[in-house]
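Trainee: Chains as they are written, first to last, in my numbering: chain A, 1 to 381; chain B, 1 to 266. Here you go, one structure.
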């Protein structure tokens, strides 16, 4: 066991932090308020290589690993959870399945622009009636004239949708087969019959452009089927296993960011003639939060390292996400309590962090789904 | 186009502590960065290289740790880096520093196999704030110098700069080779990329010693430094600003307008 971060990872953490503090933090409140997608920072991250951290250099990536990627999401999410999820959804949910399941031609055509950040990615699984029960896909794909696929249906709650160029989409190719009738496709923005629907007005992560995707006789080239027909659901589940580490890192970052802000605040704010940091309640609250956040961090890093070592990590990712997400909601709520009335105003970032934290308990598998995964792995049936 | 950028590693703090005995900077426990004006000089050099081709070399004089500053430079566009280091150089004032650097320039030119067309420095280091090393370096090398460049372009062996001044800028040109000192640019220096950062880590940084420079050591370090620091202190703020308080907004605005008119600002 070695819990130290090596020099290479630490130097990149410093790079992510410098960028997050200088470029992301100053606009976090504004983009939350206006729901403006931070395209200028996405471009800067693309230039720096932050949109392809875990992919090999030959595919336009930075040639680093999952651990460094989640540390990037963590640093970004400390100051802006929206920016954290933009990177996470792009990397884990769009570029990764193309890297894992795509053909060499698909990697050349789609992974390279995604990993180099020239194009932004999104992932479409969820539908109005297929949330946690994602096997209930209503979107259909039919092969016409052995030449192209025709997609019909809609997806909802799709992160990055309004800004993305490349979409990894799940659709039913054979309803009679249930799960095994779902296939995966790469759909490009601008393909005939594909449009972006309404943008959700969300409680948190308000600038991440969460929209509906609409397919009306959408024509997708035959060669844009990913992997084997009928394997889409399996690919989606494997993709979400990895995605969960990214979201766990986002949750971890939110908690760390909230604690950082609160530690500063409690040393400035005085009540009853003392800094509120001098009250034992404040000290114990923050100590407890810090300890739990450190525990979450170890779980997140453990899951990332297991993935990098090609070990089984499904249960580890689920544990990391369950613990980190629950902790993020808990920590931000407690931090806001330490701020008191000021924390409830938009003059301080803590209310935004509390709103942002909640989603980590819901998307890419609710906390309840994580518990199903973990208990299943334990053999408790 | 061969470009040399001189950089200094400085403490990253606005509250610099001074040793009351020696009147020198207390460096212990303070993280170090590349002097901000030098990062603009480097960015300017890299932009020129990108526009017309060439090579950017960085040099720093300092202790071993100054190699970290050079690594940072290598990650944001510098192609090669040299560290000038040795006990003989410790305690150098600006005269000795610029003398050592001028010798280093010649040594690096030999190693690189070509003379430098353009030498860039930040206008001053944020720790010492003298703004003397750049101009003195030009004098030691017998090169023309332009200072306080906020923008620079190179064309047909001529460098054109916008020299920052209080009420705008002056347009100036000189023939290359030349030494230019650089102020804050309109654009911020670039961030490293993950790849450039990893590549910079692997690049060797040759150390140039007094022996390598074949330098007259009596003109280096404390021996070669006529400057004697008598005392260093933070200047006291003599005038505090005017505060308009306790008035309704419209009356406060009217009073502010009067004050500004009286001061001939409006």
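All C-beta atoms in this analysis are idealised placements derived from N, C-alpha and C, irrespective of residue type, glycine included.
Could you work out which residue in 316(A), 162(A), 352(A) is closest to residue 188(A) when comparing CA atoms only?
Mentor: Nearest C-alpha to residue 188(A): 162(A).
Trainee: Excluding the five sequence neighbours on either side, which residues of its own chain have a C-beta within less than 6 Å of the C-beta of residue 160(B), listed in chain order?
Mentor: Hits under 6 Å: 153, 173.
Trainee: Please determine, among 67(B), 59(B), 203(B), 158(B), the residue with the shortest C-alpha to C-alpha distance to residue 137(B).
Mentor: Checking every option, the nearest Cα to that of residue 137(B) belongs to 59(B).
Trainee: My parser needs the beta strand (DSSP E) runs of 3 or more residues fully inside the segment 183-240 of chain A; what are they?
Mentor: Listed in chain order, they are 194-199, 211-221.
Trainee: Kindly give me the distance between the Cβ atoms of residue 358(A) and residue 248(A), rounded to whole angstroms, as I take these residues to be in contact under 8 Å.
Mentor: That pair is no contact at about 15 Å.
Trainee: With residue 155(A) as the anchor, note down where its beta strand (DSSP E) starts and where it stops.
Mentor: Start and end: 148-158.
Trainee: For residue 12(A), which residues does DSSP report across the bridge?
Mentor: Partner(s): none; residue 12(A) has no beta bridge.
Trainee: Residue 331(A) lies in the alpha helix (DSSP H); which residues open and close that run?
Mentor: Counting along the chain, the alpha helix (DSSP H) containing residue 331(A) begins and ends at 314-339.
Trainee: Whole angstroms are fine: how far does the CA of residue 180(A) sit from the CA of residue 227(A)?
Mentor: About 13 Å.
Trainee: Could you tell me the distance, in whole angstroms, from the CA atom of residue 216(B) to the CA atom of residue 268(A)?
Mentor: Answer to the nearest angstrom: the Cα atoms are 55 Å apart.
Trainee: Could one say the Cβ of residue 202(B) lies closer than 7 Å to chain A's Cβ atoms, at least one of them?
Mentor: Output row for residue 202(B): interface = no.
Trainee: Residue 69(A) to residue 20(B), Cα distance in whole Å?
Mentor: Taking the straight line joining both Cα atoms gives about 46 Å.
Trainee: Does the Cβ of residue 314(A) have 16 or more other Cβ atoms within 10 Å, making it buried, or fewer, making it exposed?
Mentor: Label assigned to residue 314(A): buried.
Trainee: Measuring straight from C-alpha to C-alpha, what distance separates residue 325(A) and residue 352(A)?
Mentor: Residue 325(A) and residue 352(A): Cα-Cα distance of roughly 15 Å.
Trainee: Note the first and the last residue of the continuous alpha helix (DSSP H) segment covering residue 9(B).
Mentor: Element bounds for residue 9(B): not the alpha helix (DSSP H) but the beta strand (DSSP E), 9-11.
Trainee: Thinking just about the alpha-carbon of each residue, which of 171(B), 168(B), 127(B) is nearest to the one in residue 34(B)?
Mentor: Nearest of 171(B), 168(B), 127(B) to residue 34(B), Cα basis: 127(B).
Trainee: Determine, using beta carbons only, whether residue 194(B) comes closer than 7 Å to chain A.
Mentor: Output row for residue 194(B): interface = yes.
Trainee: Taking the beta strand (DSSP E) that residue 172(B) falls in, what are its first and last residues?
Mentor: Residues 168-175.
Trainee: Could you check if residue 365(A) is buried or exposed, using at least 16 other CB atoms within 10 Å of its CB as the buried criterion?
Mentor: Per the 10 Å Cβ criterion, buried.
Trainee: In the segment 24-41 of chain B, which residues sit with their C-beta less than 7 Å from some C-beta in chain A, listed in chain order?
Mentor: Answer set for the segment 24-41 of chain B: empty.
Trainee: Which residues in chain A sit within 8 Å of residue 197(B), going by Cβ to Cβ distance?
Mentor: Within 8 Å Cβ-Cβ: 11, 12, 15.
Trainee: Can you give me the start and stop residues for the beta strand (DSSP E) that residue 160(B) sits inside?
Mentor: Looking at the DSSP string, the run of the beta strand (DSSP E) that includes residue 160(B) is 158-165.
Trainee: For residue 276(B), which residues in chain A fall below 9 Å Cβ to Cβ?
Mentor: Missing from the structure shown is residue 276(B); chain B here goes from 1 to 266 and no further.
Trainee: Compute the beta-carbon to beta-carbon distance between residue 123(B) and residue 57(B), rounded to the nearest angstrom, for a pair I have assumed lies under 8 Å.
Mentor: The pair is not a contact, with the Cβ atoms about 20 Å apart (cut-off 8 Å).
Trainee: Around the Cβ of residue 265(B), are there at least 16 other Cβ atoms within 10 angstroms (buried) or fewer (exposed)?
Mentor: Counting Cβ neighbours within 10 Å, residue 265(B) comes out exposed, since fewer than 16 surround it.
Trainee: Applying the criterion that 16 or more other CB atoms from any shown protein chain within 10 Å of the CB defines a buried residue, is residue 253(B) buried or exposed?
Mentor: So residue 253(B) ends up on the exposed side.
Trainee: For residue 10(B), which residues from the same chain have a beta carbon less than 6 Å from its beta carbon, with the 5 sequence-adjacent residues on both sides left out?
Mentor: So the list reads 35, 125, 126, 127, once near-sequence residues are dropped.
Trainee: Around the C-beta of residue 52(B), are 16 or more other C-beta atoms found within 10 angstroms, so that it is buried, or is it exposed?
Mentor: Under this definition residue 52(B) is an exposed residue.
Trainee: So who's on the other strand from residue 121(A), going by DSSP bridges?
Mentor: Answer by DSSP bridge pairing, in chain order: 166(A).
Trainee: Go ahead and label residue 133(B) buried or exposed: buried means 16 or more other beta carbons lie within 10 angstroms of its beta carbon, across all protein chains shown.
Mentor: So residue 133(B) ends up on the buried side.
Trainee: Quick one: what's residue 2(B) bridged to in DSSP?
Mentor: Note: residue 2(B) sits in a beta bridge opposite 55(B).
Trainee: What residues in the segment 18-39 of chain A bring their beta carbon closer than 9 Å to a beta carbon of chain B?
Mentor: Going along the segment 18-39 of chain A in chain order, one finds 18, 19, 22, 23 with a Cβ nearer than 9 Å to chain B.
Trainee: Terminal residues of the continuous alpha helix (DSSP H) containing residue 132(B)?
Mentor: Run containing residue 132(B): none; DSSP gives neither H nor E here.
Trainee: Could you give the first and the last residue of the continuous beta strand (DSSP E) run that contains residue 143(A)?
Mentor: Run containing residue 143(A): 140-144, per the beta strand (DSSP E) assignment.
Trainee: Within its chain, find whatever has a CB closer than 8 Å to the CB of residue 44(A); leave out the 5 residues flanking it on each side and keep chain order.
Mentor: Closer than 8 Å at the Cβ level, and outside the excluded window around residue 44(A), lie 19, 23.
Trainee: Count the other CB atoms within 10 Å of the CB of residue 243(A); is the residue buried (16 or more) or exposed (fewer)?
Mentor: It is buried - the Cβ of residue 243(A) has at least 16 other Cβ atoms within 10 Å.
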